[in-house]
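One structure is given below, encoded as structure tokens.
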Amino acid sequence: MAETHYREGNKKLHFLNWSTAPEIKDDKETGNTMFVLTEVYETSVGVDDHAQQAKETLSLPHSTKDGVVSLTICDYGAIKHSLWKD
1 MAETHYREGN KKLHFLNWST APEIKDDKET GNTMFVLTEV YETSVGVDDH
51 AQQAKETLSL PHSTKDGVVS LTICDYGAIK HSLWKD
């Protein structure tokens, strides 16, 4: 990833986090697992670059729909407040 993600400029990737947790509804685990990918870029130009690279190079070993109960995508969300950003 160091070769494809910028560390400076308007395409800078500030951070990338993967997290997982059991899905909980009505205070009970459903048996499903949630996967959350969070990426924060300096500007939307970084998101555009990410989308273009994914379109050109992304390959998955299996269908992304296999076993998926639900999928929510939120791209181009605006950060309203950051604790560390001036």
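Numbering (our numbering), first residue to last: 1 to 86. All C-beta atoms, glycine included, are put in the ideal place defined by N, C-alpha and C.
Query                                                                                                      : Result
Quick check: does the Cβ of Lys80 come within less than 7 Å of any heavy atom belonging to the ligand FAD? : Here there are no bound small molecules, and the ligand FAD is not part of this structure.
Check each candidate in Gln53, Ala21, Gly67 and name the one with the smallest Cα separation from Met1.    : Gln53
Cβ of Val47 within 8 Å of Cβ of Asp75?                                                                     : yes
Beta carbon of Leu130, beta carbon of Tyr6: below 8 Å?                                                     : The first residue shown for the chain is 1 and the last is 86, placing residue 130 beyond what the model contains.
Quick one: what does DSSP say Ser44 is sitting in, helix, strand or coil?                                  : helix
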